Amino acid sequence: MIKKPELLAPAGDLERLKWAIEYGADAVYIGGPALGLRANAKNFTFEEIKEGCHYAHERGKRVHVTVNIVLHNKEISLVKDYLIRLEQCGVDTIIVSDPTIIEIAKANTNLEIHLSTQQSTLNIEACRFWEQQGVKRIVLGRETRKEEIKEIIEKTNLEIECFIHGAMCASMSGRCVLSNFLTARDANRGGCSQICRWDFDLYNDQLKHFVGEQPFTFCSKDLSMLKYLPDMIDMGITSFKIEGRMRSIYYIATVLNVYRKVIDDYCNNPESYQYNIAYERILRNCANRDSVPQFFGGENDSTCGYYNGRVEVSNQDFLGVILDYNEKTKYATIEQRNYFKVGDTVEIFGPQLHTITYEVKEILDEKKEFISVVRHPRQIVQMKIEERVYPNNLIRIKKD
Amino acid sequence: MKTVKYMTKIMAMPAYPNIDDLIDQTDAILLGYKGMSINFLFTVDLEYIEHILSILKGKKKQLFVALNKNFHSNELESVKEVMQKLADLQIDGILYYDVAVIQMKKEYQIDIPLIWGAEHLTTNYATMNYWNRHGADMAYVSGEITKQEILEIKKHTNMPLIVPILGHLPMFVSERHEIKNYLNHFQLNGQSSVYYMEKEENRYPIVDNEEGTFVYASHILNGYQEYLEFQEKGIDYVLCNENFIDRDIFLKIITLFHNQNGSDEAIDTLLDGNTDKGFFYKETVYQVKHYD
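Those sequence lines, one after another, are chains W and X. So the first sequence is numbered by our numbering: it starts at 179 and just counts up by one. So the second sequence is numbered by our numbering: it starts at 18 and just counts up by one.
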């Protein structure tokens, strides 16, 4: 029996934490009220962390909290009390970049310590150092190649966590301060303003202006390890991490739904596992961005760059949430999230289902009157769906 | 009573191979090693180091070598060998970024002073003291903290500090070949060793070489006035980085530092007005809500 890796999901707030767990996350990572790297996300209060931990633990899931800020002098004195409060809230793990936080955590708490990808750990010797310091798990740098990951797993007792999906920094983690210089927002303390997605004019040393069809940018395609998941499972990677604490419920549910199914399908029956190319379309549509395996297989070339002039339009695939289902009448109650109409072909998905494809034939409004379009935000409607669906299943438009 | 000034040493990071004329105006030289260093416009091998070391030692000057890449596992054996050879040559220290360097010093008992030089992460005294306990002897201070923070660090650590004082500060390191990829993608010609990317009339030097892509600040940090203050406060070294500055001009600037007869204005004039104070007086912001 193959050991299943942990599927680790981002959760920007309590609502998303619950959705992530419902959609198959084994653990979630969240930001607390301070000392994390998403200072502009909503983040959790201590009360919310407590509630989130309670919710997760009741379901046998774990909560990791990012404490991965690069400390300045004035923050040193905050760390001890902050970590103690996190432990009191029931947090399982802290994700740490600055080793001062490791020392303070070891001296004052029993929190499990994971080393953040901000340390850009790529090699066996660095891993040995951190293992000796009491780090239980390392989130490897995203530049780590497959053979290096294998060696680290074989030669240390560390748990290894790797990103499998989401946006990529163009730089090595911790080695970019573009944001500091161009916007005075501190990239290593949660203020990154994503300069790597800006356009620039590019010149050579003779000041020849390079004019491509699109301007110069560092913007990278997203990461997707979908194709390589069986490889990664066979290698014994402990945890598969999805990027995106600021992502929507729809994104989290969609991505988790796909990866949960792939992990379960492969681990339950590796011999009969078959790659499902349809998942690529689902993942691409939900982020509305291209994704590639980045550094895992070796060289990172121009196919990893995103030279599309940032013309992505906002995604309106997410049509609604199932609130209820009446098994006798087969009517589902739905809360609208985007415009849809009679005649649309939609997909309904959720943790309990194989994806249902369904053509919208009739729609009833709250007065039980037939309507042909659902155009009002959060409008409550009913649709007859023959197959059993469940509360919190999601509806998306089906695209070819 | 007359105040006795601390002798802050001037460390130069040259951008061109011939450094003979720089040596007399500096107390220490920081060199990059071929294939193991980043943010150096030229890198050297052991033969060069041996040669320059004999000159420096003759003049009672110091030599430091940066092995400041993030290393992959297949590079570690070579890094270990170079560390050992540098130790045998008795250079004054290795500036490192990757934790592997400190681990290998310990594991293989390589007797050489180490400088914690994790570029943007060297921002507080507690973490400097942490690395001191784990085998680092000196620390290179981040270019993104304020003068007050630097002085506070000095108060709370016994480690000698190196503070960047002049030059285009590094802003970005990537293993990706951003320029090469862009030019290939759009089939553009006109390669050079240094490029410039421009936004809102600010022009940032950018280099794409075998180690990846590196971007630098548009303005040159000019900390002459602060250098004088750092002497009063016991800062051990200031680093002058020659990257993207003409040798003649850099030499004039270094001489002003060496003779302590310069001024911010004089240096600004030499650099065509393209200077600023970096983050000495500008605190970067980030939104952290107050928690109860």
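Beta carbons are placed, not taken as given, at the ideal position from N, Cα and C, and that holds for glycine. Just so you know, these numbers come straight off a predicted model, no measurement behind them.
Item: Whether arginine 240 of chain W touches alanine 205 of chain W by CB criterion (8 Å); Value: yes
Item: Backbone CA spacing between lysine 196 of chain W and isoleucine 208 of chain W [nearest angstrom]; Value: 12 Å
Item: Chain-ordered chain X contacts of glutamate 339 of chain W [CB-CB under 8 Å]; Value: Near glutamate 339 of chain W there are no residues of chain X at all, since even the closest Cβ is about 17 Å away, more than 8 Å.
Item: Inter-residue Cα distance where the pair is glycine 370 of chain W and tyrosine 453 of chain W; Value: In the sequence on display, residue 370 of chain W carries cysteine and not glycine. Their Cα atoms are separated by approximately 36 Å.
Item: Interface residues of chain B facing threonine 140 of chain X [CB-CB closer than 9 Å]; Value: No chain B is part of this structure, whose protein chains are labelled W and X.
Item: Cutoff 8 Å: serine 298 of chain W Cβ touching any chain X Cβ; Value: yes
Item: Contacts of serine 371 of chain W in chain X (Cβ-Cβ under 8 Å); Value: The premise fails here: serine 371 of chain W is roughly 10 Å from chain X at the closest Cβ pair, so nothing lies under 8 Å.
Item: Alanine 283 of chain W burial status per 10 Å Cβ neighbour count (16 or more: buried); Value: buried
Item: Cβ neighbour criterion (16 or more within 10 Å) applied to aspartate 37 of chain X; Value: exposed
Item: 9 Å Cβ cut-off: residues of chain W touching glutamate 166 of chain X; Value: His250, Asn251 and Lys252
Item: Short CB-CB distance (under 8 Å) between methionine 214 of chain X and chain W; Value: yes
Item: Residues near asparagine 366 of chain W in its chain [Cβ-Cβ closer than 6 Å; skip 5 each side]; Value: Val248
Item: Residue interval of the beta strand (DSSP E) (run including leucine 238 of chain X); Value: 237-239
Item: Contact set between serine 54 of chain X and chain W, taken where Cβ atoms lie within less than 7 Å; Value: Near serine 54 of chain X there are no residues of chain W at all, since even the closest Cβ is about 14 Å away, more than 7 Å.
Item: Exposed unless 16 or more other CB atoms sit within 10 angstroms - verdict on glycine 593 of chain W; Value: No answer is possible for residue 593 of chain W: it lies beyond the span of chain W, which begins at 179 and ends at 578.
Item: Under 8 Å between C-beta atoms of valine 313 of chain W and glutamate 339 of chain W; Value: no
Item: Positions along the region 155-189 of chain X whose CB lies within less than 7 Å of some CB in chain W; Value: Glu161, Ile162, Glu166, Glu169, Ile170, Met188 and Phe189
Item: Start and end residues, beta strand (DSSP E) containing isoleucine 594 of chain W; Value: Residue 594 of chain W lies beyond the range of chain W shown here (179 to 578); nothing can be said about it.
Item: Phenylalanine 296 of chain X, buried or exposed, once every other Cβ within 10 Å from all chains shown has been counted against 16; Value: buried
Item: Whole-number beta carbon distance between isoleucine 302 of chain W and glutamate 329 of chain W, since they are thought to touch under 8 Å; Value: 6 Å
Item: Residues that valine 211 of chain X bridges to, as DSSP identifies them; Value: The partner list for valine 211 of chain X (beta bridge, DSSP) is empty, contrary to what the question assumes.
Item: Close-in-space but distant-in-sequence residues of the same chain around lysine 51 of chain X (CB under 8 Å, 5 per side omitted); Value: Thr60, Val61 and Asp62
Item: Coil, strand or helix - cysteine 370 of chain W by DSSP; Value: coil
Item: Chain X within 8 Å of valine 355 of chain W, Cβ atoms only; Value: yes
Item: Residue from X:Tyr212, X:Asn219, X:Ile237 and X:Thr144 whose Cα sits closest to the Cα of glycine 184 of chain X; Value: X:Ile237
Item: Identified DSSP bridge partners for leucine 183 of chain X; Value: X:Asn239 and X:Cys257
Item: Per-residue DSSP class, three states only, for histidine 151 of chain X; Value: coil
Item: Glycine 344 of chain W at chain X interface by Cβ criterion, 8 Å; Value: no
Item: Three CB pairs or more closer than 8 Å across the region 437-457 of chain W and the region 554-571 of chain W; Value: no
Item: Any chain W beta carbon closer than 8 Å to leucine 93 of chain X; Value: yes
Item: Where the beta strand (DSSP E) through isoleucine 427 of chain W begins and ends; Value: Where isoleucine 427 of chain W is concerned, there is no enclosing beta strand (DSSP E), although the alpha helix (DSSP H) it sits in stretches over 427-446.
Item: Close Cβ partners of glycine 229 of chain X (< 7 Å) along its chain, the five nearest in sequence each way excluded; Value: Val190, Ser191, Glu192, Arg193 and His194
Item: Cβ neighbours of phenylalanine 274 of chain X in the same chain (closer than 6 Å, five flanking residues each side left out); Value: Ile27
Item: Under 8 Å between C-beta atoms of phenylalanine 81 of chain X and aspartate 109 of chain X; Value: yes
Item: Proximity of lysine 577 of chain W and asparagine 493 of chain W at Cβ, strictly below 8 Å; Value: no
Item: Cβ of tyrosine 308 of chain X within 8 Å of any chain W Cβ; Value: Per-residue confidence for tyrosine 308 of chain X stands at a pLDDT of 45, beneath the threshold of 50, marking its modelled position as unreliable; the derived number appears in the next sentence. At least one chain W Cβ lies under 8 Å of tyrosine 308 of chain X.
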